[in-house]
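**Student:** FYI, my numbering numbers position 14 of the sequence shown as 459, with every residue one higher than the one before it.
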Amino acid sequence: MSSVFLQNVNRTHYKRNCLLKYITLPFHSPPLYHRHQNMWQVPEIARIIGHYDYNVDVINYDDQQTKLGKKYELLIDIYPQNNKVYQNNLASNCIKVLYSTGAGPDWQNTQQRARVSALNARRHARLRPKSIVQPFGPEIASFDAMFLIGNEFTRSTYDNLPINKIYMIKNSAYLFPACELNKKTPNTFLYMATYPQALKGLDLLLEVFGRNQNISLVIAGQYEAEKDFCAIYSRELYQCPNILPVGVIDVTSNLFEKIRQIASFFVLPSCSEGMSGSVLTAMSAGLIPIVSRACGFSDDEVFHFQDCSINCIKDTLTAFAKKPLNWVKKESLQAVETVHSRYTPNHFSQSFYTALQGLLGG
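Spelled out as structure tokens, the structure:
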């Protein structure tokens, strides 16, 4: 990302300042609420912080060049591994918050390496792990709190974190209009994720669907950016009649509308998440979630894989593919209800308010 310094995004005149180190794009682009949750969540975070009498400046999480010209009494940082940009600009009484949207770095790196190693053994390949997260350094011990998007499983991936105050934040979903349910086919599944694919579990799904043509998979996401992965799974991705790759998709498009009317289930055997926004988007669209526990949801919200072995995934999906349409319609409505009752934008905002209030008082 480029070096961008946005000063006083709320145009306020308070005596105290907050530095929000996350992303700046949402502040100078149209509000693409349907592309990714953070496109509206980041401005909302800034707005809420302003209610606690802080002027809010924003920089990108990986910015190493911006020269900050003031002292900050509050820091919200999504990537404290890169802290040199502000280390001389924090007031002596600065309250420092780690804002995390994913699992612990050590956990994620370990899980991804294990997935890649297993893939390479199966396919006699040489795929390398991608997006390895830099572990926390000693600087993390100086943070006062963590705001974590996830659940207790996510929290457990930070077992050795030297931060006592942890506040849970609710993720949010794009809210769709009601879906036509009569066209749904119980043997059709959707996978939709960002990257890397081995971490998200696309390879496991391709192993299953590539051998079982009585179930169908639609693949949406950034898989084409991983040329090495696509080369390993070229047959499954491009030659299997029951597997349809559609690439990156706009969930407000006509194509996605057709997919959500036909597909019954959303499947994501990921090995590391915070609270998956893809799962929430799919649930809001009326798809029934079948996911790993790492996706950050409880048993009353989603259907969980017992484990993410290929055999377990195969047995689970073939069993769900036999469900009658009436059952699918009922569970589809339940998925939507779960989102509307727990994961709307208002739920995100309220959980962030509650976290700040718990930390700052007032």
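We put the CB at the ideal spot given by N, CA and C, even for glycine.
Remember, predicted model here, so these are calculated numbers, not experimental data.
As an exercise, report each continuous beta strand (DSSP E) stretch of at least 3 residues that is fully enclosed by the segment 693-754, in chain order.
**Tutor:** For the segment 693-754, whole beta strand (DSSP E) runs of length 3 or above, ordered along the chain, are 708-713 and 733-736.
**Student:** Could you tell me which of F450, R571 and I704 sits nearest to L513, measuring between CA atoms?
**Tutor:** Taking the first residue of the sequence shown as 1, we reach residue 513 at position 68. Considering only alpha carbons, the answer is F450.
**Student:** Please report the distance separating the alpha-carbon of Y467 from that of V724.
**Tutor:** For this step, residue 467 is matched to residue 22 along the sequence shown. For this step, residue 724 is matched to residue 279 along the sequence shown. Computed Cα separation, rounded: 22 Å.
**Student:** Can you tell me which of I755, F711 and S729 puts its alpha carbon nearest to the alpha carbon of V736?
**Tutor:** Sequence index remark: in the sequence shown, residue 736 carries index 291 (1-based). If we check each option's Cα against that of V736, F711 comes out closest.
**Student:** Going along the chain, which residues of its own chain have a beta-carbon closer than 7 Å to the beta-carbon of I577, five neighbours each way excluded?
**Tutor:** Within the sequence shown, residue 577 is the residue found at index 132, counting from 1. These residues qualify, in order along the chain: N554.
**Student:** Please go through the same chain and pick out, in chain order, the residues whose beta-carbon is closer than 7 Å to the beta-carbon of A670, but skip the five residues on each side of it.
**Tutor:** Taking the first residue of the sequence shown as 1, we reach residue 670 at position 225. Excluding residues within five positions, the ones whose Cβ falls inside 7 Å are Y640.
**Student:** So, with DSSP's three-state summary, where would you put G666?
**Tutor:** One-based indexing of the sequence shown puts residue 666 at position 221. The answer is strand: DSSP assigns G666 an E or B state.
**Student:** Considering only the alpha carbon of each residue, which of A590, K768, K703 and Y506 lies closest to I420?
**Tutor:** Nothing in the structure corresponds to residue 420, since the chain is present only between 446 and 807.
**Student:** I'd like to confirm the pairing. Which residues does DSSP put opposite N500 in its beta bridges?
**Tutor:** Sequence index remark: in the sequence shown, residue 500 carries index 55 (1-based). DSSP output for N500 lists N462 as bridge partner(s).
**Student:** Compute the beta-carbon to beta-carbon distance between L644 and C716, rounded to the nearest angstrom, for a pair I have assumed lies under 8 Å.
**Tutor:** The residue you call residue 644 lines up with position 199 of the sequence shown. The residue you call residue 716 lines up with position 271 of the sequence shown. Confirmed, about 6 Å.
**Student:** Contact check, V696 vs I664 under 8 Å by CB: the rounded distance?
**Tutor:** Stepping through the sequence shown from its first residue, residue 696 is reached at position 251. Stepping through the sequence shown from its first residue, residue 664 is reached at position 219. The pair is not a contact, with the Cβ atoms about 15 Å apart (cut-off 8 Å).
**Student:** Can you say whether C463 is buried or exposed, counting buried as having 16 or more other CB atoms within 10 angstroms of its CB?
**Tutor:** Within the sequence shown, residue 463 is the residue found at index 18, counting from 1. Burial call: buried.
**Student:** Would you kindly work out how many angstroms separate the C-alpha atoms of S754 and L649, rounded to a whole number?
**Tutor:** Within the sequence shown, numbered from 1, the residue matching residue 754 stands at position 309. Within the sequence shown, numbered from 1, the residue matching residue 649 stands at position 204. Answer to the nearest angstrom: the Cα atoms are 8 Å apart.
**Student:** Going by the DSSP bridge assignment, what does V542 pair with across the sheet?
**Tutor:** The sequence position of residue 542 within the sequence shown is 97, counting from 1. V542 pairs with I521 and A590.
**Student:** Is the beta carbon of L651 closer than 8 Å to that of L682?
**Tutor:** Position 237 of the sequence shown, counting from 1, holds the residue named residue 682. Position 206 of the sequence shown, counting from 1, holds the residue named residue 651. Closer than 8 Å, so yes.
**Student:** Using the C-alpha atoms, what's the distance from D752 back to W552?
**Tutor:** Position 107 of the sequence shown holds residue 552. Position 307 of the sequence shown holds residue 752. Approximately 17 Å between the Cα atoms of the pair.
**Student:** How is the alpha helix (DSSP H) around Y683 delimited, first residue to last?
**Tutor:** For this step, residue 683 is matched to residue 238 along the sequence shown. S679 to Q684 is the span of the alpha helix (DSSP H), which, as asked, contains Y683.
**Student:** How would you label F592, buried or exposed, when you count the other beta carbons within 10 angstroms and need 16 or more for buried?
**Tutor:** Counting from 1 along the sequence shown, the entry for residue 592 is found at position 147. Per the 10 Å Cβ criterion, buried.
**Student:** In angstroms with no decimal places, state the Cα-to-Cα distance between S679 and F472.
**Tutor:** Counting from 1 along the sequence shown, the entry for residue 679 is found at position 234. Counting from 1 along the sequence shown, the entry for residue 472 is found at position 27. The straight-line gap from Cα to Cα measures roughly 39 Å.
**Student:** Quick one: grab the DSSP three-state call for F450.
**Tutor:** Here residue 450 is taken as the residue at index 5 of the sequence shown, counted from 1. Residue state, collapsed to three classes: strand.
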